[in-house]
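Q: full-length UniProt numbering puts the first residue of the sequence shown at 1, with every later residue one more than the last.
Encoded as structure tokens, here's the structure I'll be asking about.
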Amino acid sequence: MEAFYIILTGALVAASSALLGSFLVLRRMAMLGDAISHAVLPGIVIAFLISGHRESLSLLIGAAASGLLATFLIELLHRKARLQEDASIGISFTWLFAIGVLLISAYTGQVDLDQECVLYGEIAYVPLDQISFGGLWTGPRPVLISATLFVLTLAYIIISFKGLKLLSFNEDHAKSLGIRTQVWHFSFMAMVSLVTVLAFEIVGAILIVALLVVPAATAFLWTRSLVPMLILAVVLGIAASAGGYYLALGLNGSIAGAMVSVAGIFLAITVLLKVLVQKKA
Numbered sequence: 001m002e003a004f005y006i007i008l009t010g011a012l013v014a015a016s017s018a019l020l021g022s023f024l025v026l027r028r029m030a031m032l033g034d035a036i037s038h039a040v041l042p043g044i045v046i047a048f049l050i051s052g053h054r055e056s057l058s059l060l061i062g063a064a065a066s067g068l069l070a071t072f073l074i075e076l077l078h079r080k081a082r083l084q085e086d087a088s089i090g091i092s093f094t095w096l097f098a099i100g101v102l103l104i105s106a107y108t109g110q111v112d113l114d115q116e117c118v119l120y121g122e123i124a125y126v127p128l129d130q131i132s133f134g135g136l137w138t139g140p141r142p143v144l145i146s147a148t149l150f151v152l153t154l155a156y157i158i159i160s161f162k163g164l165k166l167l168s169f170n171e172d173h174a175k176s177l178g179i180r181t182q183v184w185h186f187s188f189m190a191m192v193s194l195v196t197v198l199a200f201e202i203v204g205a206i207l208i209v210a211l212l213v214v215p216a217a218t219a220f221l222w223t224r225s226l227v228p229m230l231i232l233a234v235v236l237g238i239a240a241s242a243g244g245y246y247l248a249l250g251l252n253g254s255i256a257g258a259m260v261s262v263a264g265i266f267l268a269i270t271v272l273l274k275v276l277v278q279k280k281a
């Protein structure tokens, strides 16, 4: 059952990440997940200073607040200061990360507190974190969280599909139709922040950042149609999770690292095939 829970958790996180990551790739915001994973540090430190302990819920609340602040700063710099989106992302997450490092060095020097030890999880530990849900179900807490995230993400994509599609392909046209694009933009950024913060507590930062980008980028190389791209990205993410687990088992290595490696192999094969097809054409 341990293998099943690990693969299931990876698959659920991969599916959620692929759905959101597809829109990130289309909007050329692929590194937003990486930015959020760095920007949460000051929220973690402030939550620790207020609560006085490293209890997971309070730190997650602080991390989520910091992640949302990062998305607000990115939007402020891009819309108001007229900076490029990638520059806005780079400035926001480095500034917030630097504040977090400063707070740690100034106020928590005697405490083992950093973003690696308080928030970044390891998917191999999924079966160890058991929880009983209303006496009806007993199993790993990460499975319950990742399943909830997937349901929320899928519901959000279905409800917001038209708005996100217009936002991704023709924002100016959407504005001309009277659609409030900023509402869709902020709701999307908030959803990415929520999934990123909750998921990398479970599976680790490297894995969640990779799952947000690599399957979606691979799917984008195969198709330009949105719905097939979403479906293919989800399939590739799930395949990378399952294949990565068995690769790690065979090599006796890191599960998260193996999952990222398999996703990267899928991308490399796709690029190679594209190059070969173009040469023949």
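For glycine and all other residues, C-beta sits at the position ideal for the given N, C-alpha and C.
Threshold first: 4 residues or longer. Then list the alpha helix (DSSP H) segments lying entirely within the segment 219 to 267, N to C.
A: The segment 219 to 267 contains these whole alpha helix (DSSP H) runs: 226 to 251.
Q: Are Thr223 and Thr270 closer than 8 Å when you measure CB to CB?
A: Position 223 of the sequence shown, counting from 1, holds the residue named residue 223. Position 270 of the sequence shown, counting from 1, holds the residue named residue 270. Cβ distance not < 8 Å, so Thr223 and Thr270 don't count as in contact.
Q: Return the bridge partner residues of Gly139 from the DSSP annotation.
A: In the sequence shown, counting from the first residue as 1, residue 139 sits at position 139. Answer by DSSP bridge pairing, in chain order: Ile131.
Q: What are the start and end residues of the alpha helix (DSSP H) that includes Met191?
A: By one-based count along the sequence shown, residue 191 stands at place 191. Here the alpha helix (DSSP H) through Met191 covers 181 to 202.
Q: Can the beta-carbon of Ile127 be found closer than 8 Å to that of Ile6?
A: Taking the first residue of the sequence shown as 1, we reach residue 127 at position 127. Taking the first residue of the sequence shown as 1, we reach residue 6 at position 6. The amino acid occupying residue 127 in the given sequence is Pro; Ile does not appear at that position. Yes, the pair counts as a contact, with Cβ atoms nearer than the cut-off.
Q: Does the contact criterion of 3 or more C-beta pairs under 8 Å hold for the segment 135 to 152 versus the segment 24 to 32?
A: Judged by Cβ distances under 8 Å, the segment 135 to 152 makes no contact with the segment 24 to 32, as fewer than three pairs qualify.
Q: How many Å lie between Ser193 and Leu60 at the Cα?
A: As a first step, residue 193 is located in the sequence shown; it is residue number 193 there, counting from the start. As a first step, residue 60 is located in the sequence shown; it is residue number 60 there, counting from the start. If I take the Cα positions, the gap works out to 12 Å.
Q: Using CA coordinates, which residue listed in Asn170, Met191, Met259, Tyr245 is at the minimum distance from Val214?
A: Start at 1 with the first residue of the sequence shown, and residue 214 comes out as number 214. Of Asn170, Met191, Met259, Tyr245, the residue nearest in Cα terms is Met259.
Q: Please determine, among Ala263, Val262, Gly43, Tyr245, the residue with the shortest C-alpha to C-alpha distance to Ile255.
A: Sequence index remark: in the sequence shown, residue 255 carries index 255 (1-based). Closest by alpha carbon: Tyr245.
Q: Candidates Leu167, Arg180, Phe188, Ile44: which alpha carbon is nearest Thr71's?
A: Looking up residue 71 in the sequence shown gives position 71. Minimum Cα distance to Thr71 is reached at Phe188.
Q: Using the C-alpha atoms, what's the distance from Tyr125 back to Gly257?
A: By one-based count along the sequence shown, residue 257 stands at place 257. By one-based count along the sequence shown, residue 125 stands at place 125. Their backbone Cα atoms lie some 14 Å apart in a straight line.
Q: Check this for me: beta carbons of Ser92 and Ile104, under 8 Å apart or not?
A: The residue labelled residue 92 in the question sits at position 92 within the sequence shown. The residue labelled residue 104 in the question sits at position 104 within the sequence shown. Not in contact: Ser92 and Ile104 (Cβ atoms no closer than 8 Å).
Q: Determine the burial state of Pro142: buried for a count of at least 16 other Cβ atoms within 10 Å of its Cβ, exposed for fewer.
A: In the sequence shown, residue 142 corresponds to position 142, counting from 1. Buried, since its Cβ has 16 or more Cβ neighbours within 10 Å.
Q: When DSSP labels each residue in this structure, what does Ala81 get in the three-state scheme?
A: For the purposes of this step, residue 81 is identified with residue 81 of the sequence shown, where counting begins at 1. Coil at Ala81, not helix or strand.
Q: To the nearest angstrom, how far is it from the Cα of Asp86 to the Cα of Val151?
A: As a working note, residue 86 is residue 86 in the sequence shown. As a working note, residue 151 is residue 151 in the sequence shown. Distance between the alpha carbons of Asp86 and Val151 is about 30 Å.
Q: Using only the alpha-carbon positions, how far apart do Trp184 and Ala190 sit?
A: To locate residue 184, count along the sequence shown from 1; it is residue 184. To locate residue 190, count along the sequence shown from 1; it is residue 190. Their backbone Cα atoms lie some 10 Å apart in a straight line.
Q: For Met163, which three-state DSSP category applies?
A: Along the sequence shown, one-based indexing puts residue 163 at 163. Before going further, note that residue 163 is Gly rather than Met in the sequence given. In this structure, Gly163 counts as helix in the three-state DSSP scheme.
Q: Which residues in the same chain as Leu8 place their Cβ atom closer than 7 Å to its Cβ, once the five residues preceding and following it in sequence are excluded?
A: Along the sequence shown, one-based indexing puts residue 8 at 8. Within the same chain, Leu8 has close Cβ partners Val143.
Q: Count the other C-beta atoms from every protein chain shown that fall within 10 angstroms of the C-beta of Thr94, then say buried if there are 16 or more, exposed otherwise.
A: Stepping through the sequence shown from its first residue, residue 94 is reached at position 94. Exposed: under 16 other Cβ atoms inside 10 Å.
Q: Under a Cβ-count criterion, where at least 16 other Cβ atoms within 10 Å of its own Cβ denotes burial, should Gly250 be classed as buried or exposed?
A: Stepping through the sequence shown from its first residue, residue 250 is reached at position 250. Counting Cβ neighbours within 10 Å, Gly250 comes out exposed, since fewer than 16 surround it.
Q: Would you kindly work out how many angstroms separate the C-alpha atoms of Gly139 and Gln130, rounded to a whole number?
A: As a first step, residue 139 is located in the sequence shown; it is residue number 139 there, counting from the start. As a first step, residue 130 is located in the sequence shown; it is residue number 130 there, counting from the start. C-alpha separation (whole angstroms): 5 Å.
Q: I need the straight-line Cα distance from Ile123 to Phe161, nearest angstrom please.
A: Here residue 123 corresponds to residue number 123 of the sequence shown, with the count starting at 1. Here residue 161 corresponds to residue number 161 of the sequence shown, with the count starting at 1. Ile123 and Phe161: Cα-Cα distance of roughly 30 Å.
Q: If you draw a straight line from the alpha carbon of Gly253 to that of Lys80, how long is it in whole angstroms?
A: Within the sequence shown, the letter at position 253 stands for residue 253. Within the sequence shown, the letter at position 80 stands for residue 80. The alpha-carbon atoms of Gly253 and Lys80 are separated by roughly 46 Å.
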